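**Student:** 423 is the number that the numbering used here gives to position 419 of the sequence shown; each next residue is one higher, with no gaps. Just dropping this structure here.
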Amino acid sequence: MAFSGWGRYPTLESRLFEPVSASEIEASLGSSEPWGTPVIARGAGRSYGDSALAETLISTRYLDNFFSLTTSASGHTVLRCASGMSLENVLETIIPQGLFLPVLPGTKAVTIGGAIAADVHGKNHHIDGSFCDHVESIRILLATGEVIDCHRGSNAELFHATCGGMGLTGIILDAAIKLTPLSSLDIAQRSLVAGNLQECMDLMDEHNDAKYSVAWIDCLARGATQGRSVLYLGEHVDEQDAREKSKPGRTGLRAIQRSELNIPFDAPSLLLNKYTMAGFNSAYYALQKNRSAPKRITYDAFFFPLERLRNWNRLYGAKGFLQYQLALPQESAHAGISAILSCASQAGKGSFLSVLKKFGKANSNLLSFPIEGYTLALDFKYEASLFPLLEQLDTLVLDHGGRLYLAKDARMSKECFRQSYGQWERFAELRQKFDPQGHFSSLQSRRLGLG
Ligand SMILES: Cc1cc2nc3c(=O)[nH]c(=O)nc-3n(C[C@H](O)[C@H](O)[C@H](O)COP(=O)(O)OP(=O)(O)OC[C@H]3O[C@@H](n4cnc5c(N)ncnc54)[C@H](O)[C@@H]3O)c2cc1C
Numbered sequence: 005m006a007f008s009g010w011g012r013y014p015t016l017e018s019r020l021f022e023p024v025s026a027s028e029i030e031a032s033l034g035s036s037e038p039w040g041t042p043v044i045a046r047g048a049g050r051s052y053g054d055s056a057l058a059e060t061l062i063s064t065r066y067l068d069n070f071f072s073l074t075t076s077a078s079g080h081t082v083l084r085c086a087s088g089m090s091l092e093n094v095l096e097t098i099i100p101q102g103l104f105l106p107v108l109p110g111t112k113a114v115t116i117g118g119a120i121a122a123d124v125h126g127k128n129h130h131i132d133g134s135f136c137d138h139v140e141s142i143r144i145l146l147a148t149g150e151v152i153d154c155h156r157g158s159n160a161e162l163f164h165a166t167c168g169g170m171g172l173t174g175i176i177l178d179a180a181i182k183l184t185p186l187s188s189l190d191i192a193q194r195s196l197v198a199g200n201l202q203e204c205m206d207l208m209d210e211h212n213d214a215k216y217s218v219a220w221i222d223c224l225a226r227g228a229t230q231g232r233s234v235l236y237l238g239e240h241v242d243e244q245d246a247r248e249k250s251k252p253g254r255t256g257l258r259a260i261q262r263s264e265l266n267i268p269f270d271a272p273s274l275l276l277n278k279y280t281m282a283g284f285n286s287a288y289y290a291l292q293k294n295r296s297a298p299k300r301i302t303y304d305a306f307f308f309p310l311e312r313l314r315n316w317n318r319l320y321g322a323k324g325f326l327q328y329q330l331a332l333p334q335e336s337a338h339a340g341i342s343a344i345l346s347c348a349s350q351a352g353k354g355s356f357l358s359v360l361k362k363f364g365k366a367n368s369n370l371l372s373f374p375i376e377g378y379t380l381a382l383d384f385k386y387e388a389s390l391f392p393l394l395e396q397l398d399t400l401v402l403d404h405g406g407r408l409y410l411a412k413d414a415r416m417s418k419e420c421f422r423q424s425y426g427q428w429e430r431f432a433e434l435r436q437k438f439d440p441q442g443h444f445s446s447l448q449s450r451r452l453g454l455g
C-alpha cells in the first residue's frame with residue numbers, strides 16, 4: 005500500500021504492521037518479521053514529508069490507551085497514556101477534569117508519540133517551550149527488544165535523543181506528561197494589524213507576555229508592505245466554570261465537529277497559481293484588517309482553525325505540497341525572513357498559509373527544532389520548478405544561522421542538515437549505541453545521512 009505524509013509528497017509502498025499491544029511489537033522483535041526491511045514508527049501521519057515513511061511501518065493506532073491522572077510531588081497533575089493516543093482524545097479525557105495540554109500544535113490529530121518524536125511547538129513557545137519540556141518520562145522499545153524507562157534523571161541521553169529524535173531511537177510506548185490547569189474552554193483573542201514585517205516583529209516583542217501569539221503573513225506583498233500581517237494574540241478566558249462548560253453537548257469540541265467541512269477530491273492544481281495566491285493574500289489581509297475587535301472564541305477555533313476543513317491538503321492538487329518551515333535566531337531573523345520572502349515572491353511562488361511565530365529558548369534535546377528567535381512556515385504546491393527555489397531558500401536559511409523543521413521536511417540535503425543541527429554527530433553516536441544495526445530508519449533519515 006502507498007503511504008505519504010500530510011503533504012502527500014513523497015509516497016512509498018510500505019508494509020503496515022498494526023500491533024494491538026506493546027507486547028506484540030516486543031514479540032515481533034525476536035522473529036524475522038518485520039525487520040527484513042527498515043522500520044519506522046508511524047503515528048497519525050501528520051508530519052508533512054518522509055519522516056514517517058519506511059518500507060515497514062509500525063503503526064501506533066491501537067496503542068491508544070489512557071492509563072492514569074496522578075498528582076506529582078510538586079503538585080502537578082501528570083497524564084500517563086500510550087503513545088498512539090491522539091491529542092484530541094487526550095483533550096476529551098482531561099478537559100472535564102479542568103486540565104489542558106501545555107503545548108498544542110496546529111492539529112489535534114497528532115499522537116502523543118508523534119508529538120514527542122518531533123518535540124512539537126505551539127503558539128506559546130516563547131513562554132512555555134515545546135512539548136517535550138512538559139514530558140516527565142517515556143518508555144521506549146529499543147531495536148534490541150529491551151524496554152527502557154527514561155527521563156531527565158535516568159537514561160537522560162536516550163531521553164534527549166528520543167525527544168525530537170523522529171522515531172530513530174526506537175518506539176515510544178507510553179509517556180508521562182505534566183498537564184496545566186484550565187481556566188476556561190474559551191480564548192480571548194485580539195488581532196493586531198501590521199503594515200510590514202518589522203512592524204509585525206515589533207508587535208510580537210511588545211506583546212511577548214501574551215500567552216499565545218501567531219501571525220498570518222501576506223507572503224506576496226512587496227516593497228514597503230513586505231510581510232504585512234495580522235498578529236493574533238490569545239489568553240485563556242479566566243472563569244470558574246470550565247468544568248461546567250465541558251459537560252457533553254456544551255463543549256466547543258462538539259460544536260466544531262458539527263461544522264466540519266470535507267474536501268472530497270483533489271483540487272485542480274491550475275487553481276493554485278501566483279494570481280489566485282496574490283488575490284487570496286490581499287483579500288484576506290483587507291478582510292482581517294477591518295475585523296480587529298477583540299473576541300471570545302472556542303479553544304478549538306483558536307488552536308485548530310484548519311481542522312474545520314477536513315482533508316484540506318487536497319486543495320493543493322493530487323501531487324501534493326511541501327511545507328517549508330524555518331527557524332532563525334533573533335538577531336538575523338528580520339534580514340533572513342525578508343530575503344526569503346523576496347526570493348519566493350520573485351520566483352512567483354506563493355503560499356496561502358504563511359505563518360510567523362516567536363520562539364523562546366532552545367532546550368537540550370539533540371534534534372529539537374526551536375532556537376530562540378522566529379519561525380516562518382510557507383506552504384508550496386508541488387511542482388518540479390519548486391525544488392531549485394527551495395535550494396536557494398536553504399542557502400538563505402544557512403547564511404542567517406537558521407535551520408529547517410524535520411517534521412515538515414521532505415527534501416533537505418544531508419549537508420544542510422549537518423550545517424544547521426549542531427548536535428547531529430552526538431545524535432548519530434547515540435543511535436549507533438542504541439540501534440547498532442540501524443533497524444529504525446526512515447526515508448528522511450537516509451536522505452539526511454543518519455542511516
Ligand atoms: C495541519 C497541521 C498543523 C501542524 N502544526 C504544527 C505546529 O503548530 N507545531 C508543530 O510543531 N508541528 C505541527 N505540525 C506537525 C505535526 O505536529 C508533527 O509532524 C507531528 O510529529 C505529527 O505527529 P503524528 O502522530 O502524525 O506522527 P507521524 O507523522 O506519524 O510521525 C512523525 C514522526 O514521529 C515518529 N513517531 C510517531 N510515533 C512514534 C512513536 N510512538 N515512537 C517513536 N517515534 C514515533 C515517526 O517515526 C516520525 O518520525 C502540524 C501538522 C499539520 C498536519
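Just so it is clear, CB atoms sit at the ideal spot from N, CA and C, and this is done for glycine as well. Since the structure is predicted, the reported quantities are computational estimates derived from the model, not experimental observations.
1) Can you name the start and end residues of the beta strand (DSSP E) that CYS85 belongs to?
2) Can you tell me whether GLU140 is helix, strand or coil according to DSSP?
3) Quick check on this structure: which residue in ASP242, TYR236, GLU140 and CYS420 has the alpha carbon closest to the alpha carbon of ASP403?
4) Looking at LYS278 and GLY227, is the spacing between their C-beta atoms short of 9 Å?
5) Have a look at ALA366 and SER372 and give me their C-alpha separation to the nearest angstrom.
6) Would DSSP call PHE356 helix, strand or coil?
7) Tell me whether GLU17 sits in a helix, a strand or coil according to DSSP, three-state version.
8) For PRO333, name the three-state secondary structure that DSSP assigns.
9) Can you tell me whether LYS418 is helix, strand or coil according to DSSP?
10) Quick one: is ARG50 buried, meaning 16 or more other Cβ sit within 10 Å of its Cβ, or exposed?
11) DSSP three-state call for GLN441: helix, strand or coil?
12) Residue ranges of each beta strand (DSSP E) run of no fewer than 3 residues wholly in the segment 22-70, ordered along the chain?
13) Heavy atom of ligand 1 less than 8 Å from the Cβ of LEU67, yes or no?
14) Considering only heavy atoms of ligand 1, does any lie closer than 8 Å to the CB of TRP10?
15) At 3 residues or longer, and completely inside the segment 129-176: list those beta strand (DSSP E) runs for me, N to C.
16) Tell me the rounded alpha-carbon separation between PRO185 and ILE301.
17) Give me the residue from LEU145, ASP132 and ARG156 with the minimum Cα distance to GLY117.
18) Going by DSSP, what residue range makes up the beta strand (DSSP E) through THR399?
19) Using the DSSP secondary-structure output, state which residues sit across from GLN327 in a beta bridge.
20) Starting from ASP209 and walking both ways along the beta strand (DSSP E), at which residues does that stretch end?
21) Please name the residue, chosen from LEU310, ASN69, LYS299 and SER27, that lies closest to ALA179 on a Cα-to-Cα basis.
**Tutor:** In terms of the structure at hand:
1) 81-86
2) strand
3) CYS420
4) no
5) 8 Å
6) coil
7) strand
8) strand
9) helix
10) buried
11) coil
12) 43-46 and 60-63
13) yes
14) yes
15) 139-145 and 151-155
16) 19 Å
17) LEU145
18) No beta strand (DSSP E) contains THR399, which is instead part of the alpha helix (DSSP H) from 390-403.
19) ASP383
20) First-last for ASP209: 201-210, but that is the alpha helix (DSSP H), not the beta strand (DSSP E).
21) ASN69
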